[in-house]
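> Supplied in structure tokens, the structure appears directly below.
Numbering (the working numbering), first residue to last: 7 to 482.
This is the structure:
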């Protein structure tokens, strides 16, 4: 298995995870689906894809970093899971997957560990056997753990400015929470390198469990046959729930206000790209959001899109195209077990954060007070309808979408009804959603400015990171 980065979820579209692209597109109509809860606590959703050349599996396991003492072990376990079992070495696992025509991958999100499997249709039983072997009989060899530790040592440990800014904004808006403190990020290097295989086995026994987990299987087999197959193969898997789930925010809507971060630039971010001085100033706003499952989500989604959800949206035209202040502009709903919020993010040249924030505030106020034009609503609705189809262009993406629906408590056919709800949205409903949720006095406006490290002498800025003026004692 390989560790892949988390993928952000646009409003109304669940996360997609890596997988082999199917040669045949998914059908346009609703699928036959069956769901069941096994005695072990595993929820299984079987969806029928007639004549599909590949079967797609998505196993979603609660994996939020809610306990600082587990962060290092969670980081290493995710990197090593699938490298072997008590009966198979890494090479044995790779050879068996090749025999089945299968690909395994692992994705970590803010709240889940997601195991994805794409396998040739006849290999579904064998893929389930291999998956069960990795889940039930894990082996974390010293050599594999050492490789993962060396990779961790080579990676930057300090969180990127974007991450620190988001944590500060969430802490101000919603109060102390795992998403707004250091426990939700990368573990200290000393903690990572001190771990031994037994530590990972202990965490596996606690966290990699069926209780609280869900499995989606999209295959050509009839759903009742798939449910029986899963029940047979995974019946011995037991344990849980682990408790590694995100708690809800202390406040359902964010507390508005400004947050400012100014600190010496470091040149590179946590992902290896320039993200500070010689890099960029950053602006991030956190405002009220409407959950995907809410009946009023569709008008809010359209408002979010025409504000900053695509290349020709209001913010992009104003901040990037007309004024040239930013080269990265986006607005989207972020949603997980903690809550929902509208997040606007912009990046521009150093020194421009204040002006970018002022333009964002102006765009928010204008949309909230005056509403959109009918043409804007029509464009946003067309974009949303087209994007939902594009996001499900392959069966791998469809399986990931079904896994997202299941994790969010939505019905498997939710997206089909959502397209109809989008088509019915009126400009008046979008204007009402904008007035209710997009007013700038309801948002946290967080800015980050790097300070050139070459500044020295009596007027040089303090080299210690500044604490947000309203976050004394909080965890940025």
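The C-beta atom is built at its ideal place from N, Cα and C for all residues, glycine as well.
Closest by CA to residue 291, which one among 245, 366, 64 and 211?
Translated into positions along the chain shown, residue 291 becomes position 285. Comparing Cα-Cα distances from residue 291 to each of 245, 366, 64 and 211, the minimum goes to 366.
> Going by the CB atoms, is the gap between residue 109 and residue 100 shorter than 8 Å?
In the chain shown, residue 100 corresponds to position 94, counting from 1. In the chain shown, residue 109 corresponds to position 103, counting from 1. Contact: no.
> Tell me which residues share the same chain as residue 228 and place their Cβ nearer than 7 Å to its Cβ, disregarding the 5 neighbours each side in the sequence.
Here residue 228 refers to the residue found at position 222 when the chain shown is read from its first residue. The answer, listed in chain order, is 54.
> Hey, could you find the ends of the alpha helix (DSSP H) residue 316 is sitting in?
Along the chain shown, one-based indexing puts residue 316 at 310. No alpha helix (DSSP H) holds residue 316; DSSP gives it neither H nor E.
> Report the rounded CA-to-CA distance for residue 47 versus residue 142, giving the unit in angstroms.
Taking the first residue of the chain shown as 1, we reach residue 47 at position 41. Taking the first residue of the chain shown as 1, we reach residue 142 at position 136. Approximately 15 Å, taken between the alpha carbons.
> Since residue 347 sits in a beta bridge, which residues does DSSP pair it with?
The residue given as residue 347 occupies position 341 in the chain shown. Answer is 294 and 340, bridged to residue 347.
> Residue 475 by DSSP, collapsed to three states: which one?
Taking the chain shown and counting its residues from 1, the one referred to as residue 475 is at position 469. Here the model assigns residue 475 a pLDDT of 37, short of 50, so the residue's position is not dependable, and the following value carries that caveat. DSSP places residue 475 in coil when its eight states are reduced to three.
> Could you have a look at residue 183 and say whether DSSP puts it in helix, strand or coil?
Taking the chain shown and counting its residues from 1, the one referred to as residue 183 is at position 177. In this structure, residue 183 counts as coil in the three-state DSSP scheme.
> Does the segment 207–215 come close enough to the segment 232–250 to have 3 or more Cβ pairs within less than 8 Å?
Yes, they touch.
> From residue 265 to residue 179, what does the alpha carbon distance come to, in whole angstroms?
Numbered from 1 along the chain shown, position 259 holds the residue referred to as residue 265. Numbered from 1 along the chain shown, position 173 holds the residue referred to as residue 179. Their Cα atoms are separated by approximately 10 Å.
> Is the beta carbon of residue 355 less than 8 Å from the beta carbon of residue 453?
Here residue 355 is taken as the residue at index 349 of the chain shown, counted from 1. Here residue 453 is taken as the residue at index 447 of the chain shown, counted from 1. Not in contact: residue 355 and residue 453 (Cβ atoms no closer than 8 Å).
> What is the DSSP secondary structure of residue 122, counted as helix, strand or coil?
To locate residue 122, count along the chain shown from 1; it is residue 116. Residue 122 falls in the strand class under three-state DSSP.
> Should residue 219 go down as buried or exposed, given a rule of 16 or more other Cβ atoms within 10 Å for buried?
Counting from 1 along the chain shown, the entry for residue 219 is found at position 213. So residue 219 ends up on the buried side.
> What does the alpha-carbon distance come out to for the pair residue 231 and residue 420?
For the purposes of this step, residue 231 is taken as the residue at position 225 of the chain shown. For the purposes of this step, residue 420 is taken as the residue at position 414 of the chain shown. Each residue's alpha carbon lies about 24 Å from the other.
> By alpha-carbon positions, which one of 267, 430, 382 and 433 ends up nearest to residue 170?
On the chain shown, position 164 is the one that residue 170 refers to. Cα-wise, what sits closest to residue 170 is 267.
> Check this for me: beta carbons of residue 331 and residue 357, under 8 Å apart or not?
Looking up residue 331 in the chain shown gives position 325. Looking up residue 357 in the chain shown gives position 351. Not closer than 8 Å, so no.
> Label residue 260 either buried or exposed according to how many other C-beta atoms from any shown protein chain fall within 10 Å of its C-beta, with 16 as the threshold for buried.
As a working mapping, residue 260 is identified with position 254 in the chain shown. The residue in question, residue 260, is buried, as its Cβ has 16 or more Cβ neighbours within 10 Å.
> Tell me which same chain residues have a C-beta within less than 6 Å of the C-beta of residue 309, skipping the five on either side of it?
Here residue 309 refers to the residue found at position 303 of the chain shown. 436, 439 and 440, listed in sequence order.
> Verify whether the separation of the beta carbon atoms of residue 123 and residue 133 is less than 8 Å.
Residue 123 sits at position 117 when you count from the first residue of the chain shown. Residue 133 sits at position 127 when you count from the first residue of the chain shown. A contact, by the Cβ cut-off of 8 Å.
> Check whether the segment 395–402 touches the segment 56–68, counting contact only when three or more Cβ pairs, one atom from each stretch, lie closer than 8 Å.
Cβ pair count under 8 Å is three or more, so yes.
> Where does the unbroken alpha helix (DSSP H) through residue 331 begin, and where does it stop?
Along the chain shown, read from residue 1 onward, the residue named residue 331 stands at position 325. That residue, residue 331, is in no alpha helix (DSSP H); it is neither H nor E in DSSP.
> Provide the residue(s) that pair with residue 352 in DSSP beta bridges, ordered along the chain.
Within the chain shown, the letter at position 346 stands for residue 352. Residue 352 is bridged to 289 and 335.
> In whole angstroms, what is the alpha-carbon distance linking residue 352 and residue 321?
On the chain shown, residue 352 is found 346 positions in, with the first residue counted as 1. On the chain shown, residue 321 is found 315 positions in, with the first residue counted as 1. Approximately 9 Å between the Cα atoms of the pair.
> When the Cα of residue 253 is compared with those of 117, 80 and 423, which residue comes out closest?
Within the chain shown, residue 253 is the residue found at index 247, counting from 1. The shortest Cα separation from residue 253 among 117, 80 and 423 belongs to 117.
> How many angstroms separate the CA atom of residue 50 from the CA atom of residue 342?
As a first step, residue 50 is located in the chain shown; it is residue number 44 there, counting from the start. As a first step, residue 342 is located in the chain shown; it is residue number 336 there, counting from the start. Cα-Cα distance, rounded: 21 Å.
> Leaving out five residues on either side along the sequence, give the residues of the same chain with a beta carbon under 7 Å from the beta carbon of residue 146.
Numbered from its first residue, the chain shown carries residue 146 at position 140. Within the same chain, residue 146 has close Cβ partners 86, 203, 206 and 207.
> So for residue 72, helix, strand or coil by DSSP?
The sequence position of residue 72 within the chain shown is 66, counting from 1. In this structure, residue 72 counts as coil in the three-state DSSP scheme.
> Determine whether the beta carbon atoms of residue 446 and residue 370 lie at a separation below 8 Å.
Locating residue 446 in the chain shown gives position 440, where the first residue counts as 1. Locating residue 370 in the chain shown gives position 364, where the first residue counts as 1. Cβ atoms of residue 446 and residue 370: closer than 8 Å.
> If we count the other Cβ atoms within 10 Å of its Cβ and call it buried at 16 or more, is residue 73 buried or exposed?
Taking the chain shown and counting its residues from 1, one reaches residue 73 at position 67. Residue 73 comes out exposed.
> Taking the C-alpha atoms as reference points, what is the distance between residue 43 and residue 398?
Indexing the chain shown from 1 puts residue 43 at position 37. Indexing the chain shown from 1 puts residue 398 at position 392. Residue 43 and residue 398: Cα-Cα distance of roughly 26 Å.
> Which same chain residues end up closer than 6 Å to residue 417 when comparing Cβ atoms and leaving out the 5 residues on each side of it in sequence?
Residue mapping note: residue 417 aligns to position 411 of the chain shown, counting from 1. So the list is empty, once near-sequence residues are dropped.
> Judging by CA-CA distance, which residue of 337, 182, 114 and 455 is the nearest neighbour of residue 70?
As a working mapping, residue 70 is identified with position 64 in the chain shown. The shortest Cα separation from residue 70 among 337, 182, 114 and 455 belongs to 114.
> Can the beta-carbon of residue 107 be found less than 8 Å from the beta-carbon of residue 76?
Here residue 107 refers to the residue found at position 101 when the chain shown is read from its first residue. Here residue 76 refers to the residue found at position 70 when the chain shown is read from its first residue. Taking 8 Å as the Cβ cut-off, residue 107 and residue 76 do not qualify as a contacting pair.
> Can you tell me the Cα-Cα spacing of residue 221 and residue 162, whole angstroms?
Along the chain shown, one-based indexing puts residue 221 at 215. Along the chain shown, one-based indexing puts residue 162 at 156. So the two alpha carbons sit approximately 33 Å from each other.
> Using a Cβ-Cβ cutoff of less than 7 Å, which residues in the same chain neighbour residue 52 once the five nearest sequence positions on both sides are dropped?
Translated into the one-based positions of the chain shown, residue 52 becomes position 46. Counting only Cβ-Cβ distances below 7 Å, and skipping sequence neighbours, we find 39, 40, 223, 229, 232 and 233.
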